[in-house]
Amino acid sequence: ESSGINAEYGADGVMNGRGALIKPWIFQEIQEQRHIDITSGERLEMLRRFRDYGLEHWGSDTAGVEKCRHFLLEWLSFLYRYIPVGLLEVLPQRINERPPSYFGRDDLETLMCSPRSDDWIRITEMVLGKVPDEFNFVPKHVANSYS
Numbered sequence: 126e127s128s129g130i131n132a133e134y135g136a137d138g139v140m141n142g143r144g145a146l147i148k149p150w151i152f153q154e155i156q157e158q159r160h161i162d163i164t165s166g167e168r169l170e171m172l173r174r175f176r177d178y179g180l181e182h183w184g185s186d187t188a189g190v191e192k193c194r195h196f197l198l199e200w201l202s203f204l205y206r207y208i209p210v211g212l213l214e215v216l217p218q219r220i221n222e223r224p225p226s227y228f229g230r231d232d233l234e235t236l237m238c239s240p241r242s243d244d245w246i247r248i249t250e251m252v253l254g255k256v257p258d259e260f261n262f263v264p265k266h267v268a269n270s271y272s
């Protein structure tokens, strides 16, 4: 889509904000001029890399793990809006399109598309371990909600 905008309007560039939070591989898609269908396993591996970078930066003590978890949860509040290319009826997905609830191609993909923060916490437990008792997460922005 970006190459079409550049050609049609003579733009030197295209701004990409939240799109990169929802679909971090968007720059690869732009470069290769194709839609990439990322599997739930590949997305989980991306979260593991985030965990590794986070623990390296904030430390692997309890405070570092919880700081990493907090930022991972904020990111998941954007990531869940990604609809896998293989499930889309029309390409490309628009950032403001609100899809109906759907089931992914596997249980992990279904969990990753959930708009519920409790499910995002479950995803962080897959990469960072169990959350402490009394743990609570409230997203700090409205981009996490379709309502």
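Each residue of the sequence shown is one higher than the one before, counting from 126 in the numbering used here.
Backbone N, C-alpha and C define an ideal beta-carbon position, used for all residues, glycine too.
Can you have a look at residue i and say buried or exposed, based on whether 16 or more other CB atoms are within 10 angstroms of its CB?
i, result
"Phe203", "buried"
"Lys148", "buried"
"Leu216", "exposed"
"Gln153", "exposed"
"Gly142", "exposed"
"Gly179", "buried"
Please state the DSSP three-state secondary structure of residue i.
i, result
"Asn269", "Legend: pLDDT at Asn269 = 45, less than 50; position of this residue unreliable, no value from coordinates given."
"Tyr205", "coil"
"Cys238", "coil"
"Ala136", "coil"
"Ile151", "helix"
"Phe262", "coil"
"Thr164", "coil"
"Lys255", "coil"
"Glu199", "helix"
"Arg230", "coil"
"Gly211", "helix"
"Asp186", "coil"
"Leu180", "helix"
Which residues in the same chain have their Cβ closer than 7 Å to the Cβ of residue i, if we skip the five residues on either side of it in sequence?
i, result
"Ser226", "none"
Contact defined as beta carbons within less than 8 Å: I believe residue i pairs with residue j. What is the distance between those atoms, to the nearest angstrom?
i, j, result
"Ile163", "Trp183", "That belief does not hold up - the Cβ atoms of Ile163 and Trp183 are roughly 26 Å apart, past 8 Å."
"Pro264", "Glu157", "Actually they do not touch by this definition, with Cβ atoms about 32 Å apart."
"Pro209", "Glu170", "No, Pro209 and Glu170 are not in contact; Cβ-Cβ is about 15 Å, not under 8 Å."
"Arg159", "Met237", "Contact flag wrong, Cβ pair sits at about 22 Å."
"Gly229", "Ser165", "6 Å"
Can you list, in chain order, the residues of its chain whose CB lies under 8 Å from that of residue i, leaving out five sequence neighbours each side?
i, result
"Arg176", "Cys193, Leu197, Val252 and Leu253"
"Ser239", "Tyr205 and Trp245"
"Asp231", "Ser165"
"Ile161", "Trp150, Gln153, Glu154 and Val210"
"Gly212", "Checking the displayed sequence, the identity of residue 212 turns out to be Leu instead of Gly. Tyr227, Gly229 and Arg230, listed in sequence order."
Excluding the 5 residues preceding and the 5 following residue i in the sequence, name in chain order all residues of the same chain whose CB lies nearer than 6 Å to its CB.
i, result
"Thr187", "none"
task: Evaluate the contact criterion for the segment 193 to 209 versus the segment 239 to 250: three or more CB pairs, one atom per stretch, below 8 Å.
output: Judged by Cβ distances under 8 Å, the segment 193 to 209 makes contact with the segment 239 to 250, as three or more pairs qualify.
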